[in-house]
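Quick notes on the structure that follows.
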Amino acid sequence: MIQLFEITAANIPLWACFAIIIFAIISYAAEKISLEVTSLAIIAAFLVLFNFFPVVMDDGKTLSSVDLLAGFANPALITILSLLVIGQALFQTGALDGVAQMVSRVGEKHPQMTIAIVFLIAGTVSAFLNNTPVVIMFLPIIIGLARKIKIAESRVAMSLSFISILGGMTTLIGSSSNLLASSIIEKKGLPAIGFFDFTAPALMLAAVGAIYVIFIMPHILKSNEKATDEAAVNSARGKQFLAQIRLCQDGPLIGMESKFGLFPELRDMTIRSVNRGYQTILPPFEDLTLRAGDVVIVAATRDILTSNFNDKNSFIRASFDYGTNSTTDLDPADLTMVEAIVAPASRMIGQTINQSNNLAATGATVLGIQRRKRMMRQAIDEIRLEAGDVLLLLGRRADIFGMRTFRDLLVLEWSAADMPLLSHARRTLVIFGVTIALAALNIVPIVISAFIGALVMIATGSLNIRQATRAIDRKIFLLIGAALAMSTALEAVGGASLIADAVISSLDGSPIWVILSAFFIMIAILTNFLSNHATAVLFAPIAYDTALKLGVEPQIFIYTVIFAANCSFATPIAYQTNLLVMSPGNYKFFDFVKAGVPLVIIMWLTFTIAIPYYYGL
Numbered sequence: 101m102i103q104l105f106e107i108t109a110a111n112i113p114l115w116a117c118f119a120i121i122i123f124a125i126i127s128y129a130a131e132k133i134s135l136e137v138t139s140l141a142i143i144a145a146f147l148v149l150f151n152f153f154p155v156v157m158d159d160g161k162t163l164s165s166v167d168l169l170a171g172f173a174n175p176a177l178i179t180i181l182s183l184l185v186i187g188q189a190l191f192q193t194g195a196l197d198g199v200a201q202m203v204s205r206v207g208e209k210h211p212q213m214t215i216a217i218v219f220l221i222a223g224t225v226s227a228f229l230n231n232t233p234v235v236i237m238f239l240p241i242i243i244g245l246a247r248k249i250k251i252a253e254s255r256v257a258m259s260l261s262f263i264s265i266l267g268g269m270t271t272l273i274g275s276s277s278n279l280l281a282s283s284i285i286e287k288k289g290l291p292a293i294g295f296f297d298f299t300a301p302a303l304m305l306a307a308v309g310a311i312y313v314i315f316i317m318p319h320i321l322k323s324n325e326k327a328t329d330e331a332a333v334n335s336a337r338g339k340q341f342l343a344q345i346r347l348c349q350d351g352p353l354i355g356m357e358s359k360f361g362l363f364p365e366l367r368d369m370t371i372r373s374v375n376r377g378y379q380t381i382l383p384p385f386e387d388l389t390l391r392a393g394d395v396v397i398v399a400a401t402r403d404i405l406t407s408n409f410n411d412k413n414s415f416i417r418a419s420f421d422y423g424t425n426s427t428t429d430l431d432p433a434d435l436t437m438v439e440a441i442v443a444p445a446s447r448m449i450g451q452t453i454n455q456s457n458n459l460a461a462t463g464a465t466v467l468g469i470q471r472r473k474r475m476m477r478q479a480i481d482e483i484r485l486e487a488g489d490v491l492l493l494l495g496r497r498a499d500i501f502g503m504r505t506f507r508d509l510l511v512l513e514w515s516a517a518d519m520p521l522l523s524h525a526r527r528t529l530v531i532f533g534v535t536i537a538l539a540a541l542n543i544v545p546i547v548i549s550a551f552i553g554a555l556v557m558i559a560t561g562s563l564n565i566r567q568a569t570r571a572i573d574r575k576i577f578l579l580i581g582a583a584l585a586m587s588t589a590l591e592a593v594g595g596a597s598l599i600a601d602a603v604i605s606s607l608d609g610s611p612i613w614v615i616l617s618a619f620f621i622m623i624a625i626l627t628n629f630l631s632n633h634a635t636a637v638l639f640a641p642i643a644y645d646t647a648l649k650l651g652v653e654p655q656i657f658i659y660t661v662i663f664a665a666n667c668s669f670a671t672p673i674a675y676q677t678n679l680l681v682m683s684p685g686n687y688k689f690f691d692f693v694k695a696g697v698p699l700v701i702i703m704w705l706t707f708t709i710a711i712p713y714y715y716g717l
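Those letters in the sequence shown? Residues 101 to 717, by our numbering.
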């Protein structure tokens, strides 16, 4: 055996490999250096190390740069990227909006029950889809329901993130860390993990975790005091834009009657006034019937305006005719929406939308206006623009991007978004269903079904190449590539076997379930400071070697890695969905510690008791 504490030419690669991995863990956790730079530095360090200090692997071959870079072509990585594209297509076409709307309608009458239903649906969907779009879709609903029953958003927002993580633990594609751990044992020559191979034990863990999340955790999280400034309110509720609906002859709103002072068909919007000729009717609206020529002034979020504009029975699209440009006949695939601020020295200040030739020159249509000082009630075409007004604009993609050189309007960075292709929603759901079915029934490997599913999404127009490219997160791509390089290097220098020996010797004579339990808590702690991807890839080969030395089925140890790597509950940086709910829930870092650490401990204890019993250890 190599004398570890004596630095020689024989063990320099081993020590250097450990040093690089320790640097990676610290750098990823501290986030002082960007994730992309850290990942590239890790790969570069390994390439240089093994170029000057070659290492012969167990198969007799010398570890080469091809081996270190093979992670970028790993089937698990291709599967993850393909699923990200499929998830973006579902989001882009609003394919799951119907579920969200149905839940929202039920919530109007039974909000408490509906919160539990939302958690159940989110957990179920997360087993088959990336967690991030699931949380994005259900977060506004869960916050709205919380307000309806007068409980703080902090009591439900974090729960939604945790439930989605628990759901992602239950199937092979539920989390990218599951796929990566599976790829490690497949590389060792063992059969690939099936779609539902570990679903039964995972459901045990998820069920116990869900009980804590739904019934106990809300009492741990105190009702955080909400900021009272308008920016904080907008952050939680979504920015409200003022828009107008001009009722045309035979339009869908003609003849609509108010009930209890409101119009049920416009429940997602706040009606500010109804302008009828020279008369302005203010709420509450008693015994009012809408008729042709009325101009209804509403306040709504960007999402609500976008959703209605794309609806085949849209009452908004036909009424957006107060600008000099028309977007109603354009191909939705060519439309982009953006937010722009009226510049301090803009020539548009003091002008109405119809008067502004400069605005007409942009080729865009104004869908809504937001004035931060107050919410107005007059018609859009009567409002005189002021510096700082935010305009919600819709137009051809080329026209929108051409506005970046327009000095009268300042385009808000990252606010540009393509219009959802709602007409493709059903088609997208069918493609998604077939993709999952092919993998779940073992007709083809998951990498083939996911890759073809992503290709079909693009080929059928559910999203274009640019949108698909944008869905591929470069951070995930580089992080996984670097993590797989670390895993390959660790195995090649014998580091995985060495750590496995250390674990076994430290627990000498202990039952298998004790070693599994120790593995679980060690990985669960690290995943909250590193990432579930890197943690799974680093510990999967160690788990494999440990299982072989103990004479245990390697799959059981790999499942342990999968379950523990998904325990990303104790810090907000542990998982992307945790970061998503931080602002709406008004959380601080310690809120995740006090709510998440007990959940990690509960998962560990449940694993320690249930899993050995399930596998007969």
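Think of the CB as a built atom: it goes at the ideal place given N, C-alpha and C, for glycine as much as any other residue.
Please classify Met356: is it buried, with 16 or more other beta-carbons within 10 angstroms of its beta-carbon, or exposed? Buried is the call here.
Tell me the DSSP bridge mates of Phe385? Bridge partners of Phe385: Gly361.
Nearest to Gly171 by CA position, among Ala550, Leu638, Ile531, is which residue? For the residues Ala550, Leu638, Ile531, the minimum Cα distance to Gly171 belongs to Leu638.
Would you call the region 217-229 in contact with the region 305-316, where contact means no fewer than 3 C-beta pairs closer than 8 Å? Yes, since at least three Cβ pairs between the region 217-229 and the region 305-316 fall closer than 8 Å, the two stretches touch.
Would you call the region 186-193 and the region 523-532 in contact, with 3 or more CB pairs under 8 Å? Here the region 186-193 makes contact with the region 523-532; the two share three or more CB pairs at distances below 8 Å.
Using a Cβ-Cβ cut-off of 7 Å (strictly less than) and excluding sequence neighbours within five positions of Asn230, which residues of its own chain qualify? Only Leu183, Leu184, Gly187 meet the Cβ criterion.
Per DSSP, Ala173 is paired with what? Looking at the DSSP assignment, Ala173 forms no beta bridge with any residue, so it has no partner.
Where Ser373 sits in the DSSP three-state scheme: The DSSP-derived three-state label of Ser373 is strand.
Starting from Phe228, follow the beta strand (DSSP E) in both directions and report where the run begins and ends. No beta strand (DSSP E) holds Phe228; DSSP gives it neither H nor E.
Using 8 Å as the cut-off, can you tell me whether the region 697-708 makes contact with the region 274-286, which would need three or more C-beta pairs spanning the two stretches below that distance? The answer is no - the region 274-286 does not touch the region 697-708, with fewer than three Cβ pairs under 8 Å.
Considering just the uninterrupted stretch of the beta strand (DSSP E) at Val398, what are its terminal residues? According to the DSSP assignment, Val398 belongs to the beta strand (DSSP E) that extends over 395-401.
Touching or not, the region 488-505 and the region 246-260, by the rule of three or more beta carbon pairs under 8 Å? Contact between the region 488-505 and the region 246-260 is absent, because fewer than three Cβ pairs lie under 8 Å.
Looking at C-beta atoms only, is the number of pairs between the region 231-251 and the region 596-603 that lie closer than 8 Å three or more? Flag = no, the region 231-251 and the region 596-603 do not touch.
Closest by CA to Phe690, which one among Ile701, Phe669, Ala643? Phe690 has its Cα closest to that of Phe669, out of Ile701, Phe669, Ala643.
Beta-ladder partner(s) of Thr162, from DSSP: Partner(s): Val156.
Can you grab the Cα-Cα spacing for the pair Leu626 / Ile612, in whole Å? Here the alpha carbons of Ile612 and Leu626 stand approximately 21 Å from one another.
Ala400 and Thr370: beta carbons closer than 9 Å? The answer is yes: Cβ separation under 9 Å.
Report the rounded CA-to-CA distance for Phe577 versus Pro364, giving the unit in angstroms. Roughly 46 Å separates the two Cα atoms.
Excluding the 5 residues preceding and the 5 following Thr299 in the sequence, name in chain order all residues of the same chain whose CB lies nearer than 7 Å to its CB. Excluding sequence neighbours, Thr299 sits near Thr270, Thr271.
Extract the residue ranges of the beta strand (DSSP E) inside the region 436-518, only unbroken runs of 3 or more that lie entirely within it. If you keep only unbroken beta strand (DSSP E) runs of at least 3 residues inside the region 436-518, you get 465-470, 490-496, 509-511.
Count the CB pairs spanning the region 473-488 and the region 527-534 that are closer than 8 Å, and state whether there are at least three. With the cut-off at 8 Å, the region 473-488 and the region 527-534 do not touch.
Mind the definition here: the region 290-305 touches the region 684-700 only if three or more C-beta pairs lie below 8 Å; say whether that holds. Segments in contact, no.
If I measure Cβ to Cβ from Ile656 and keep anything under 6 Å in the same chain, skipping five residues before and after, which residues do I get? Excluding its 5 nearest sequence neighbours in each direction, Ile656 has C-beta neighbours in its own chain below 6 Å: Tyr715, listed in chain order.
Can you have a look at Ile236 and say buried or exposed, based on whether 16 or more other CB atoms are within 10 angstroms of its CB? By the neighbour-count rule (16 or more Cβ atoms within 10 Å), Ile236 is not buried but exposed.
Classify Gln340 as helix, strand or coil using the three-state DSSP reduction. Of the three classes helix, strand and coil, the one that applies to Gln340 here is strand, per DSSP.
Distance between Phe341 and Arg402 (C-alpha atoms, nearest Å): For Arg402 and Phe341, the distance between alpha carbons rounds to 7 Å.
Spatial neighbours of Ile320 within its chain, please: C-beta separation below 7 Å, excluding the five flanking residues on both sides. Within the same chain, Ile320 has close Cβ partners Lys694, Ala695.
Check whether Glu286 and Pro684 have beta carbons under 9 Å apart: Contact flag unset, no.
Is the number of C-beta pairs between the region 139-159 and the region 111-130 that are closer than 8 Å three or more? Contact holds: three or more Cβ-Cβ distances are below 8 Å.
Reducing DSSP to helix, strand and coil, say where Ile572 ends up. Coil, per DSSP.
Roughly how many whole angstroms lie between the Cα atoms of Leu147 and Val547? Leu147 and Val547: Cα-Cα distance of roughly 28 Å.
Please list, in chain order, all residues of the same chain as Gly450 whose beta carbon is under 6 Å from its beta carbon, the five residues on each side excluded. The answer, listed in chain order, is Arg484.
Please confirm whether Ala589 and Leu280 have their CB atoms less than 9 Å apart. Contact: no.
Based on Cα-Cα distance, which residue from Val398, Ala129, Glu486 lies nearest to Thr671? Taking the Cα of Thr671 as reference, the smallest distance to any Cα among Val398, Ala129, Glu486 is reached at Ala129.
8 Å contact criterion, which Val438 and Ala516 should meet: CB distance rounded: The beta-carbon distance between Val438 and Ala516, rounded to whole angstroms, is 4 Å. This is short enough to meet the 8 Å contact definition.
In this structure, what does DSSP give as the bridge partners for Gln379? BP columns for Gln379 point to Arg376.
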